[in-house]
Amino acid sequence: MEAVSQARPRGRRWQHALERPGFLASLLISPAVIFIGALVGGPLLLAIYLSFTNATAGSLGGKWVGLENFRREWHNQAFQDAVWHTFVFTVLSQLLVLLVAGMLAHALLKRFRGKWLLRFLILLPWAAPLPLSLMGWTWMFDTTYSILTWTGQHLHLFSKVSPPVWLAQPRLATGSVIAVQAWRIIPFATVIFLAGLASIPKEVDDAAAIDGATGFRKFLSISLPLQLPIATVALLFGIVFTATDMAVVYILTNGGPPPSDATEQITTWAFKTGIESGSLGGGAAISLFLLPILAVVAIGMLVFARRTEVT
Amino acid sequence: MIDSLVRGVREQGPAYLIVGPLAMLLAFPFYVMVITAFKQQRDFYDLQHTPYWFHKHPTLDNARFLFNETPYTHWLRNTVLVGLAVVAITLVIAVPAGYALARLSGRIGQSLGVGIFLTYLVPPTLLFLPLFYVISKLHLQNQLTALVLVYPSFTVPFSIWLLMGFFKTIPQELEDAALVDGASRLKTLTRVVFPISIPGILTVVIFSFSLVLNEFVYAFTFISSSANRTVSTGVYTDLIRGDLPQWGSIMVAALIPSIPLALLYNTFLDRFIAGFTGGAFR
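Protein chains in written order, with numbering that gives the first Met the number 0: chain A, 0 to 310; chain B, 0 to 281.
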């Protein structure tokens, strides 16, 4: 390719420059790099700067206060709770996701009638805009008219006298937001798992069949190891989408229920501090505690990307 | 004949037994939303009868209330405006970059591609405070322009990644042939490469639009007046947090954008997976 472009007669200088792959490539990429630098890199640095100041949402101005914001949050019970809740929320919801998505992907690998419809139904939680589908959940968790409560009572699972109040009891609220978050991520994990499973060559399957490996044995020693890399990617995405997104918790419980605020996350706490209380500096410091999570995920992805490159 | 039927049941039975109930469970909230959307208020506030089906006649009153008594049409219009502007900006920046990254061989291309992708992982919850600061300094609070300015921060990295995957699937030989025929590189791009990438570009359009509809934090932080909201925040702030939630209308409001988007999503899913996993994780 290089030889072809060099063999052609030299035209005007500018046109010649356009023909050089390196030049053209940087011309095509640089707008994106500048754009992302300005909209992601810049704000990220600004977040770090703000976290060292006492800037407020009202006046915007702020004085340098050093590590004060970090020190205060580190010793703040509400913040410590939020970190713990974020951990529980992320781990439990992702375990649920792995379990259900794994089962679904294996079952969906086979051809069967009506698969298109079933796949559509499975995809709905991921395809519908989350802030809107959460309206449905808010209604389903209604204090008085919850369809879940009605069903449970008619199956004699819940008491009629003191029925569960989904979003107002600490443990139930935690369970509810975990379930809804898992519900949201399951379709995504399923399709990624499915792509991983489908990429296992047919020959491997045939060889396994000849060697007499079937069922669970085959799953354990062949499907699972081959699927592990792509399952890891799905999991890493799930962690980011869960630990750093506040829509589910904010809309369903607003970090509540009070007084213990059992579902408060790092994200909702940063929002309350930064916007609702107007302490931009404090909020920025809180949200920066998300960086370690992101760093771990990013390193995981890089390690994974390199591994696929080698093989 | 019977043999094949038995085999069919044996092979497909477990799949149905697993997928069927789980699919119903995952789609259940949407069933509740649809049925509530068409129920009379007296019907869904009635605890004596089953909530799973109509007890009184289905009605369109909820939709009528939504369109006549709430700013819903404003929100829809705002959402479409923001979506179109964001998609346009995204395409202008991401298509050339995605192509160049797919063709840049070696270390630089690979690292740059992964680097851009990693910026997609930086979440709005980390950037909304500094961006709030910037938006306030620029006096763009409560304007749709603020959203148009900020949303490409996540649609661009995401789209570059998807497009990189698509462009890698276009054989290099096709371009080489055009080059040998004497076409310039730019011409090869516009006449050969972009036309065959239209399905990939359409996928990016749909998924960018979907990201815009899914965004909550920025829209919630930057926009303060009811008339300037998008669908994703307007329904929550004005209809749920209002005095008495009109559940029927809220369900209609949630379903109107969700259903077409879900259908499009399903149609383009295979391309999405190919692009999403095709970049570096191949």
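From the three backbone atoms N, C-alpha and C, an ideal C-beta is built for every residue, glycine too.
Annotation: the continuous alpha helix (DSSP H) that includes GLU72(A) extends over 67-73.
The beta carbon of VAL64(A) sits closer than 8 angstroms to those of PHE51, THR52, ASN53 and GLY280, all from its chain and outside the five residues before and after it, given in chain order. Of the residues assessed, HIS138(B) falls on the exposed side of the cut-off, its CB having fewer than 16 other CB atoms within 10 angstroms.
In this structure, the alpha-carbon of SER286(A) lies about 14 angstroms from that of TYR217(B). DSSP places LYS217(A) inside the alpha helix (DSSP H), whose first and last residues are 214-217. DSSP lists TRP63(A) as the beta-bridge partner residues of THR52(A).
Cβ-Cβ separation between THR241(A) and THR89(A): approximately 5 angstroms, consistent with a contact (criterion under 8 angstroms). Put simply, the backbone Cα of TRP52(B) is about 14 angstroms away from that of PRO28(B).
Under a 10 Å Cβ-count criterion, THR142(A) is classified as exposed, with fewer than 16 other Cβ atoms of the shown protein chains found around its own Cβ. Interface with chain B (8 angstroms Cβ-Cβ cutoff): PHE34(A) is included.
Nearest CB-CB separation between PRO156(B) and chain A: below the 8 angstroms threshold. Closest in alpha carbon position to LEU263(B), among MET163(B), PRO156(B), VAL203(B) and ALA177(B), is VAL203(B). According to the DSSP assignment, LEU193(A) belongs to the alpha helix (DSSP H) that extends over 169-197. The beta-carbon separation of LEU188(B) and MET32(B), rounded to 45 angstroms, does not stay under the 8 angstroms limit for a contact.
When the five nearest sequence neighbours on each side are left out, the beta carbons in the same chain lying within less than 6 angstroms of the beta carbon of VAL248(A) are those of VAL176, THR262, GLN264 and THR267, in order along the chain.
ILE115(B) and ILE28(A) have their alpha carbons spaced roughly 11 angstroms apart. Going by C-alpha positions, HIS74(A) is about 17 angstroms away from SER259(A). ASP2(B) sits in a helix when the DSSP states are folded into three classes.
Between VAL211(B) and TRP74(B), the gap from beta carbon to beta carbon reaches 8 angstroms or more. Taking CB atoms only, TYR264(B) has a neighbour in chain A less than 8 angstroms away. The continuous alpha helix (DSSP H) containing HIS84(A) extends over residues 76-107.
Taking 8 angstroms as the CB threshold, VAL121(B) lines the interface with chain A. Counting only residues of its own chain and dropping the five nearest sequence neighbours on each side, PHE267(B) has a CB closer than 6 angstroms to the CB of THR202 and ILE205. Out of LYS55(B), VAL192(B) and ILE222(B), the CA that lies nearest to the CA of PHE131(B) is found in ILE222(B). Pairing ALA46(A) with PRO129(B) gives a Cβ-Cβ distance under 8 angstroms. Neighbours of GLY282(A) in chain B, taken as residues whose beta carbon is under 7 angstroms from its own, are LEU128 in chain order.
Comparing alpha-carbon positions, the option among VAL99(A), LYS201(A) and GLY195(A) lying closest to VAL18(B) turns out to be VAL99(A).
Apart from sequence neighbours up to five positions away, the residues of its chain that approach ALA207(A) with a beta-carbon distance below 7 angstroms are LYS217 and ILE221, ordered along the chain. At a cut-off of 8 angstroms between beta-carbon atoms, THR124(B) makes contact with chain A. C-alpha of ARG240(B) to C-alpha of VAL302(A): approximately 45 angstroms in a straight line.
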